[in-house]
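Asks: Each residue of the sequence shown is one higher than the one before, starting from 549 at the first, in my numbering.
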Amino acid sequence: MVPMPSESPTIFSTCKCIGGIHRNITCSTEGLFGTVVNVFKKAVNIKTNEDKLLVISVGTVPSPITINIGPLMDWSSPDFSFNSSFLDFVQNSDQVHVIRKSRSNNESRHVSNNVHIRVGNCIILVNKPIHFFENDILKLKVHKLEKFIDYRQLLFSVLRECAFSQKAGCLLNPDTTTEGLLPKFLSSIQEDHEVIDIRSTMFPDKLSSCFLGLCGRGPGFTPAGDDFVGGFLAVLNWIRTSLKIGRPIVPGLEYRKLTTWTSFKLMECNARGLVDIEVQDLINSIAKGDVMQYIDSIKLIAKRGHTSGIDFATGATVGLYLAIDSLKHK
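1. Gly778 and Phe704: beta carbons closer than 7 Å?
2. With DSSP run on the structure shown, which of helix, strand or coil describes His679?
3. For the putative contact between Val587 and Gln639, defined by C-beta atoms under 8 Å, what is the C-beta separation to the nearest angstrom?
4. Please classify Ile737: does DSSP put it in a helix, a strand, or coil?
5. Starting from the Cα of Leu688, find the closest Cα among Tyr869, Lys836, Gly857 and give me that residue.
6. Measure the CB-CB distance between Gly717 and Pro767 and report whether it falls below 7 Å.
7. Rounded to whole angstroms, what is the Cα-Cα separation between Pro799 and Trp623?
8. Going along the chain, which residues of its own chain have a beta-carbon closer than 8 Å to the beta-carbon of Glu816, five neighbours each way excluded?
9. Applying the criterion that 16 or more other CB atoms from any shown protein chain within 10 Å of the CB defines a buried residue, is Ser641 buried or exposed?
10. Quick one: residues in its chain with C-beta nearer than 8 Å to the C-beta of Lys692, no 5 flanking neighbours on either side, listed in chain order?
11. Have a look at Lys589 and Lys876 and give me their C-alpha separation to the nearest angstrom.
12. Helix or strand or just coil, what does DSSP make of Ser561?
13. Output the distance between the C-alpha atoms of Asp745 and Lys564, rounded to the nearest integer angstrom.
14. Please confirm whether Ala591 and Ser605 have their CB atoms less than 7 Å apart.
15. Reducing DSSP to helix, strand and coil, say where Met750 ends up.
16. If you draw a straight line from the alpha carbon of Ser652 to that of Ile617, how long is it in whole angstroms?
17. I'd like the list of long-range same chain contacts for Asn661, defined as Cβ closer than 7 Å, with 5 residues on each side in sequence excluded.
18. Mind checking Val866: buried by the 16 CB within 10 Å criterion, or exposed?
19. In chain order, what residues of the same chain have a beta carbon less than 8 Å from the beta carbon of Thr574, not counting five sequence neighbours either side?
20. Shortest alpha-carbon distance to Gly761 belongs to which of Glu598, Ile872, Ile737?
21. Return the CA-CA distance between Leu781 and Val584, expressed in angstroms with no decimal places.
22. Please tell me whether Gly807 and Gly764 are closer than 7 Å, where the distance is taken between their beta carbons.
23. As an exercise, report each continuous alpha helix (DSSP H) stretch of at least 4 residues that is fully enclosed by the stretch 673 to 727, in chain order.
24. From Arg788 to Leu620, what distance separates their C-alpha atoms?
25. In this structure, how does DSSP classify Leu791 when only helix, strand and coil are distinguished?
26. Name, in chain order, the residues that DSSP records as bridge partners for Leu580.
27. Which class does Ile615 belong to by DSSP, given the choice of helix, strand or coil?
28. Where does Ile566 sit, in a helix, a strand or coil, going by DSSP?
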């Protein structure tokens, strides 16, 4: 039997979509699945038993690591209305349990569900059929990169506009915690004033050492430097693997020592191409050679968090043009 807190849950929701790397939750044995590590108004971050990041989100953007749910509802209210958030019912270190069947006929009006997920004092009902999200990222043809060659100035102009419309702290509009980080990184990835060859066997080690100066640096829940690294690797690793010029570069344990577990896991997922649907659209716009769609994706992603979105988009664009310059000159 699953150990149950003494206080009965009064908040519930229904599962809308399960990210592909967590599809096993629907067939796992009853019991402990993970532990809550961060709680926000509309999302909860969970460290699973397998040391994976699971995000339970009331948001509608699916990703391989996210379980998207419907609105939080009040069990005790006649019309199920509810205006509060996870912050009122979930705490850090709460255990996350998989429940294989309803406890009793009067526990809820949804007795047909055979899988529940219990997070703190919230119950998530997993209804069938279950929708699983898997990435559908296109392969890159090198001539599509040429479509972006003449738009460098425009794209960075869009990024700067987004950066300066928000509070200072991101790499393009720095505060005291991020001042000088981007220029230092850009100079460090050059060799004798020339762009480093992304096909070089030395490139992964060189890039990793340059990233260490960014890791854990900056304001916000996920530091600006980490978000930049995530965006950079999401695009550059996709280019390298699509063109068969190298294996993915994935942050190692030296990065884990410099930042939070959650931020490290987000960098790791982005590096492995486990991205949400909006980042997938950004990457696919490169595959299509569609500059205008890329700009639309930048503007959409840039709205995320304190600096998370704009730093991710900046990293993605720097990675894109590093690849363009490297392949053009070699």
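Glycine residues also receive a C-beta, built at the ideal position from the N, C-alpha and C atoms.
Replies: So, from the listed chains and residues:
1. no
2. Correct three-state label for His679: coil.
3. 6 Å
4. coil
5. Lys836
6. yes
7. 43 Å
8. Val798, Pro799
9. exposed
10. Ile834, Ala835, Lys836, Gly837
11. 46 Å
12. Under the three-state reduction of DSSP output, Ser561 falls in the strand class.
13. 43 Å
14. yes
15. coil
16. Reliability of the predicted coordinates at Ser652 is poor, the pLDDT of 49 falling under 50, and the value obtained from them is presented with this limitation in mind. So the alpha carbons of these two residues sit roughly 23 Å apart.
17. Residue placement at Asn661 is flagged as unreliable, the pLDDT there being 49, under the threshold of 50; the coordinate-derived value follows with that caveat. Correct list, in chain order: Ser650, Leu673, Val674, Asn675.
18. buried
19. Ile566, Val663, Val674, Ile678
20. Ile737
21. Roughly 27 Å separates the two Cα atoms.
22. Here the sequence assigns Thr to residue 807, which means Gly is not the residue at that position. Cβ distance < 7 Å, so Thr807 and Gly764 count as in contact.
23. Considered as a whole, the stretch 673 to 727 harbours 690 to 693, 700 to 712 as its complete alpha helix (DSSP H) runs of no fewer than 4 residues, in chain order.
24. 42 Å
25. In the structure shown, Leu791 falls within a coil segment according to DSSP collapsed to helix, strand and coil.
26. His645
27. In the structure shown, Ile615 adopts extended strand secondary structure according to DSSP, grouped into three states.
28. strand
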